[in-house]
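Enquirer: Just so we're aligned: 82 in UniProt numbering is position 82 of the sequence shown, and the numbers increase by one with no gaps anywhere.
Beta carbons are placed, not taken as given, at the ideal position from N, Cα and C, and that holds for glycine.
Could you have a look at this structure, given as structure tokens, before my questions?
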Amino acid sequence: MDLTTDLRISVIFSSFNGATRRLQQMLDSMLGQNLPAEQWELIAVNNNSEDETQQLLDQYAKKLPMLVVNHTRPGKSGAMNAALAIARGALIVFTDDDVEADVNWLSSVAACAEANPDYGIIGGRILPNWEHYPHGDPLLDWIPMGSTFAIADQESSGPCDPTKIWGPNTTVRRELLGNNVRFREDIGPLPGGLFAMGEDTEIVNRLSRNGVKTYRCAEAIVHHWIPASSVTEAWVQKRGERLGYGMPALFAEDVPKGLRIAGVPLRTWIESTNWAVRAALLYPLPRSKKRFWAIWKNYYMRGYRAGIRRYAPSGNHSIGLGREVVR
């Protein structure tokens with residue numbers, strides 16, 4: 001690859017043990033892109049993988065306009081920042097290692113960006129790629145598909161709210177990122193336990209607050225892998241805890257003001273107690289949308305309380321009553 005060539009697009013993604021999941025399918029879909037290879041690059045970050053990810057990336061680097069970066073410190077956000085440090089495209093496309101891109105994905109991104117020069121952020125469609133579609137299960141009618149599975153399936157192009165743009169298919173003009181707009185490394189996926197979701201939402205919202213306009217490009221499509229193990233009430237409810245944990249990091253201004261008990265606003269404790277009681281009363285009953293949401297909100301509020309302590313610790317007044325354990 002000629003490192004002096006100006007590129008239209010840099011696609012960046014991070015992979016942790018992707019070889020044992022869907023990395024190969026993702027790379028195969030990049031082989032099929034109809035945008036000429038001299039106009040784009042793929043920057044793949046091996047984020048401390050313990051499987052055959054490095055070997056797989058090295059194999060595809062011989063077939064694709066791809067650079068492979070090793071980032072040994074665990075954490076997706078730090079790995080993505082390592083890729084941003086060397087990206088050369090006028091457009092930076094963020095994606096994941098478990099998507100499969102339509103053949104005209106990158107050409108559609110380039111066309112949308114060229115046709116809409118006043119928009120600095122472009123989000124494409126993200127369609128579900130089900131391992132096993134849950135036929136007859138009402139769960140999909142109950143859950144928020146965007147925050148749960150990063151699905152964005154609206155079929156019309158045009159200006160959109162920044163909260164409707166999701167990480168697996170997000171494009172930002174490189175000039176807006178400069179040398180200092182980067183992912184927050186204290187949020188985003190980490191191996192192991194509880195982590196704050198929303199590293200992609202946070203960077204989009206930060207740019208949007210500074211006046212950058214957002215656009216939906218319905219022609220730019222990727223398909224996001226959804227394993228069967230994720231399509232259960234228990235998995236979705238637990239994901240609500242991660243979502244809640246990240247909210248104080250993304251929207252600190254929405255954390256209630258006033259008296260705090262054990263580091264958490266009194267208003268948050270009241271809301272938490274309300275949902276905990278509802279969840280306890282409904283838990284023994286048969287499956288229903290009402291039961292599902294009570295349990296989901298109980299998990300969400302547990303994550304939210306932990307997120308306040310982590311990301312929004314200051315308060316007007318606080319009464320210490322010990323420390324709550326969040327698992």
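With DSSP run on the structure shown, which of helix, strand or coil describes residue 150?
Expert: Reading the sequence shown from its first residue, position 150 is the one you call residue 150. In this structure, residue 150 counts as coil in the three-state DSSP scheme.
Enquirer: Among the candidates 244, 151, 197 and 205, whose CA atom is the shortest distance from the CA of residue 162?
Expert: For this step, residue 162 is matched to residue 162 along the sequence shown. Checking every option, the nearest Cα to that of residue 162 belongs to 205.
Enquirer: At which residues does the beta strand (DSSP E) containing residue 133 begin and terminate?
Expert: For the purposes of this step, residue 133 is taken as residue 133 along the sequence shown, with counting starting at 1. Counting along the chain, residue 133 falls outside any beta strand (DSSP E), and DSSP gives it neither H nor E.
Enquirer: Compute the Euclidean distance between the alpha carbons of residue 92 and residue 280, then round it to the nearest angstrom.
Expert: In the sequence shown, residue 92 corresponds to position 92, counting from 1. In the sequence shown, residue 280 corresponds to position 280, counting from 1. Distance between the alpha carbons of residue 92 and residue 280: 46 Å.
Enquirer: According to DSSP, what are the bridge partners of residue 70?
Expert: By one-based count along the sequence shown, residue 70 stands at place 70. DSSP, once it has assigned bridges, lists 46 as partnering residue 70.
Enquirer: Would a check of beta-carbon distances place residue 307 closer than 8 Å to chain B?
Expert: No chain B appears in the structure shown, which is made up of a single protein chain.
Enquirer: Counting along the chain, where does the beta strand (DSSP E) carrying residue 115 start and finish?
Expert: Taking the sequence shown and counting its residues from 1, one reaches residue 115 at position 115. Element bounds for residue 115: not the beta strand (DSSP E) but the alpha helix (DSSP H), 105–115.
Enquirer: Using three-state DSSP, classify residue 218 as helix, strand or coil.
Expert: Locating residue 218 in the sequence shown gives position 218, counting from the first residue. Reduced to three states, the DSSP call for residue 218 is strand.
Enquirer: What are the boundary residues of the beta strand (DSSP E) that residue 90 is part of?
Expert: By 1-based counting over the sequence shown, the position of residue 90 is 90. Run containing residue 90: 89–94, per the beta strand (DSSP E) assignment.
Enquirer: Determine the contact status of residue 33 and residue 127, defining contact as a CB-CB distance below 8 Å.
Expert: Here the question's residue 33 lines up with position 33 in the sequence shown. Here the question's residue 127 lines up with position 127 in the sequence shown. Against a cut-off of 8 Å, the Cβ pair of residue 127 and residue 33 comes out as no contact.
Enquirer: Whose CA, out of 183, 67, 147 and 219, lies closest to the CA of residue 122?
Expert: Translated into positions along the sequence shown, residue 122 becomes position 122. Cα-wise, what sits closest to residue 122 is 219.
Enquirer: Please report the residue range of the alpha helix (DSSP H) in which residue 272 lies.
Expert: Residue numbering aside, residue 272 sits at position 272 when the sequence shown is read from its first letter. It spans 266–282 - the alpha helix (DSSP H) in which residue 272 sits, taken as one unbroken run.
Enquirer: How many angstroms separate the CA atom of residue 195 from the CA atom of residue 60?
Expert: On the sequence shown, position 195 is the one that residue 195 refers to. On the sequence shown, position 60 is the one that residue 60 refers to. Straight-line Cα distance between these residues: approximately 31 Å.
Enquirer: What residue ranges within the region 231–264 form continuous beta strand (DSSP E) runs of no fewer than 3 residues, ordered along the chain?
Expert: As far as the region 231–264 is concerned, its whole beta strand (DSSP E) runs of at least 3 residues are 259–261.
Enquirer: DSSP state of residue 139, grouped into three classes?
Expert: As a first step, residue 139 is located in the sequence shown; it is residue number 139 there, counting from the start. The answer is helix: DSSP assigns residue 139 an H, G or I state.
Enquirer: Locate the beta strand (DSSP E) running through residue 12, then write down its first and last residues.
Expert: Counting from 1 along the sequence shown, the entry for residue 12 is found at position 12. Residues 7–15.
Enquirer: Residue 132: buried (16+ other C-beta within 10 angstroms of its C-beta) or exposed?
Expert: Stepping through the sequence shown from its first residue, residue 132 is reached at position 132. With fewer than 16 other Cβ atoms within 10 Å, it is exposed.
Enquirer: Report buried or exposed for residue 31, applying the criterion of at least 16 other Cβ atoms within 10 angstroms of its Cβ.
Expert: Within the sequence shown, the letter at position 31 stands for residue 31. Per the 10 Å Cβ criterion, exposed.
Enquirer: Mind checking residue 55: buried by the 16 CB within 10 Å criterion, or exposed?
Expert: Position 55 of the sequence shown, counting from 1, holds the residue named residue 55. That one is exposed.
Enquirer: Can you pull the DSSP bridge partners for residue 126?
Expert: Position 126 of the sequence shown, counted from the first residue, corresponds to residue 126. Beta-bridge pairing links residue 126 to 152 and 222.
Enquirer: Here's a check: name, in chain order, each residue in its chain whose Cβ is nearer than 7 Å to the Cβ of residue 50, leaving out the five neighbours to either side.
Expert: Your numbering for residue 50 matches position 50 in the sequence shown. Closer than 7 Å at Cβ, skipping near neighbours: 17.
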